[in-house]
Every structure is written in C-alpha cells, then in structure tokens.
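Before any comments, here is the structure.
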Amino acid sequence: MSAIRVLAALDQRIAVRYTLPGMSPADTADYISHHTKIAGRSDTLFADDAVTLIHNASRGHPRAVNNLALHALTAAFAASHSIVGEKAARIAISETASD
1108 MSAIRVLAAL
1118 DQRIAVRYTL
1128 PGMSPADTAD
1138 YISHHTKIAG
1148 RSDTLFADDA
1158 VTLIHNASRG
1168 HPRAVNNLAL
1178 HALTAAFAAS
1188 HSIVGEKAAR
1198 IAISETASD
C-alpha cells in the first residue's frame, strides 16, 4: 500500500482538527527559559535579541521554537560563545530555512 493511500486512510479517520495559535513574544521567552531551566541552566542562556528573532521566525509555534533554539544553541557552542546571541539565532534561521 502506498504512503499516500495510508495517509488518506488516516485523514478520513480524523474527526476533529485544531490549529494552535502561536505564542506571544513573552510566552516564547518564558517557554525557552523554562526549557533551559529543565535542562539545568539557571542563568540566562539566550539573549533577548536572539529570543526575538527565534519568535519572529517561528511565529511562536513551539515545535519551530524548539528547532530554532537547538540550532542557535549549537551555533553558539560552535563559536565558543557562552550566550546564544543574535548571530547564532540568525545562523539557525538561515540553516533551518533551507531544510
């Protein structure tokens, strides 16, 4: 059975659809902060300008925020920066835009 037919069969079984609205800029900042605290980081890890860029690029959607934050964190680490700044966020945005 082809993937398209399987997805069509699944699509027919979905009775309710709901689209979550994106988070506000403040909620995105709190979301990122909460996740870094869960990971064991108590001090600031993401600069405000990086959070703003991540929020704008992700439109506040949690999955996109997670992906961009992870890419930005990796970019900051690769550049030996202890804080995720605007440059790391821009790198993350450009890298994920091509995915």
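First residue of the sequence shown: 1108, per the working numbering; consecutive thereafter.
A virtual CB, placed ideally from N, CA and C, is assigned to each residue, including glycine.
Going by the beta-carbon positions, is the gap between Ala1196 and Leu1160 smaller than 8 Å? yes
Exposed unless 16 or more other CB atoms sit within 10 angstroms - verdict on Thr1126: exposed
Of the choices Ala1157, Asp1118 and Arg1120, whose alpha-carbon is the least far from that of Ser1140? Ala1157
Beta-ladder partner(s) of Phe1153, from DSSP: Val1191
Near Ala1171, which residues of its chain fall below 7 Å by C-beta distance, leaving aside the five closest residues on each side in sequence? Ser1165
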